[in-house]
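Enquirer: Input: one structure, supplied below.
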Amino acid sequence: MMSDTGTHVSLDIKAVDDDGTFSGYASTYAVDQGRDAVVPGAFAKSLATRPAGRLKMLRDHDPRQLIGTWIDAKEDGTGLWVKGKLLLDVAAAREAYTLLKAGALDGLSIGFRSIRDRWDSAKKVRFLEEIDLREISLTGFPMNESATVSAVKNEEFARRIVGAIERADARIRAA
1 MMSDTGTHVS LDIKAVDDDG TFSGYASTYA VDQGRDAVVP GAFAKSLATR PAGRLKMLRD
61 HDPRQLIGTW IDAKEDGTGL WVKGKLLLDV AAAREAYTLL KAGALDGLSI GFRSIRDRWD
121 SAKKVRFLEE IDLREISLTG FPMNESATVS AVKNEEFARR IVGAIERADA RIRAA
């Protein structure tokens with residue numbers, strides 16, 4: 001986009017690349033709707049024995065719907081960040097791709113087995129201290145509402161942001 005002042009402003013608003021690659025948080029350290037909370041470091045042993053390429057990418061935790069591969073998975077200060085690629089030769093993956101691009105599908109959810117956890121009766125939360133991560137699914141309704149694909153496509157919102165930047169730039173140049 002070109003502003004009135006001649007400044008070029010661009011903003012990448014795609015949640016998924018044309019080749020089907022996307023990223024986001026499969027899990028965060030927040031309490032989910034099931035009253036579970038993953039603690040930092042809970043994925044370490046699992047990722048050491050089952051790295052990203054060995055994790056399954058499913059649609060809605062359905063083992064009959066393998067839709068892609070995970071390229072990278074690592075824990076950071078927010079949670080479990082992942083990068084994956086949809087296999088666009090698979091019909092279910094093409095459907096997921098279309099839904100991701102439209103912003104209709106943006107949730108991520110982990111399929112796991114608890115190895116070590118503790119129940120906090122005061123908070124009524126199960127803290128997952130070590131988990132065996134088996135799969136990560138694209139889903140419309142994640143238990144952890146902050147586990148989502150990054151930068152969900154929303155062209156109108158992006159246009160408003162670019163417009164605001166352009167107006168601010170014009171005011172600064174006029175001052």
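Take 1 as the starting number for the sequence shown in my numbering and just add one per residue.
Even glycine gets a Cβ: it sits at the ideal position worked out from N, Cα and C.
Among R118, W81 and P63, which residue has its Cα nearest to the Cα of I28?
Expert: Looking at the sequence itself, residue 28 is Thr, so the reference to Ile does not match. When each option's Cα is compared against that of T28, the closest is W81.
Enquirer: Check the C-beta distance from I67 over to A92 and give it rounded, since I have them as a contact under 8 Å.
Expert: 5 Å
Enquirer: Which residues in the same chain as V125 place their Cβ atom closer than 8 Å to its Cβ, once the five residues preceding and following it in sequence are excluded?
Expert: V31, R35, D36, A37 and W119
Enquirer: To the nearest angstrom, how far is the alpha carbon of R113 from that of L133?
Expert: 7 Å
Enquirer: Note down, in chain order, each residue of its chain lying with its Cβ closer than 8 Å to the Cβ of Y25, except the 5 sequence neighbours on either side.
Expert: Result list for Y25: T78, G79, L80, W81, V82, L108, S146, A147, T148 and S150, in chain order.
Enquirer: Please name the residue in K74, F43, R64 and D60 whose C-alpha comes closest to that of S23.
Expert: K74
Enquirer: Alpha carbon to alpha carbon, how far is G53 from E135?
Expert: If you take the alpha carbons of G53 and E135, they lie about 11 Å apart.
Enquirer: Keeping to the same chain, check which residues put their C-beta closer than 7 Å to that of A96; ignore five residues upstream and five downstream.
Expert: R59, I67, L86, L105 and L138
Enquirer: By Cβ distance below 8 Å, which residues in the same chain neighbour A174 in space, the five residues on each side in sequence not counted?
Expert: none
Enquirer: For E95, report the span of its alpha helix (DSSP H) as first-last.
Expert: That run of the alpha helix (DSSP H) goes A91 to A102.
Enquirer: For G20 versus M57, is the C-beta spacing smaller than 8 Å?
Expert: When the beta-carbon positions are compared, G20 and M57 stay at least 8 Å from each other.
Enquirer: DSSP three-state label for L86, please.
Expert: strand
Enquirer: Between the Cα of P63 and the Cα atoms of S46, I110, L128 and M143, which residue gives the shortest distance?
Expert: Looking from the CA of P63, the closest CA among S46, I110, L128 and M143 belongs to I110.
Enquirer: Would you list, in sequence order, the uninterrupted beta strand (DSSP E) runs of no fewer than 3 residues that lie entirely inside the region 117-155?
Expert: 125-139
Enquirer: In terms of alpha-carbon separation, which member of I172, L100 and M143 lies closest to D17?
Expert: L100
Enquirer: Using a 10 Å radius around the Cβ and a threshold of 16 neighbouring Cβ atoms, would you call P51 buried or exposed?
Expert: exposed
Enquirer: In whole angstroms, give me the CA-to-CA distance for S121 and L128.
Expert: 14 Å
Enquirer: For H61, which residues from the same chain have a beta carbon less than 8 Å from its beta carbon, with the 5 sequence-adjacent residues on both sides left out?
Expert: Taken in chain order, the residues that qualify are S109, G111, E135, S137 and T139.
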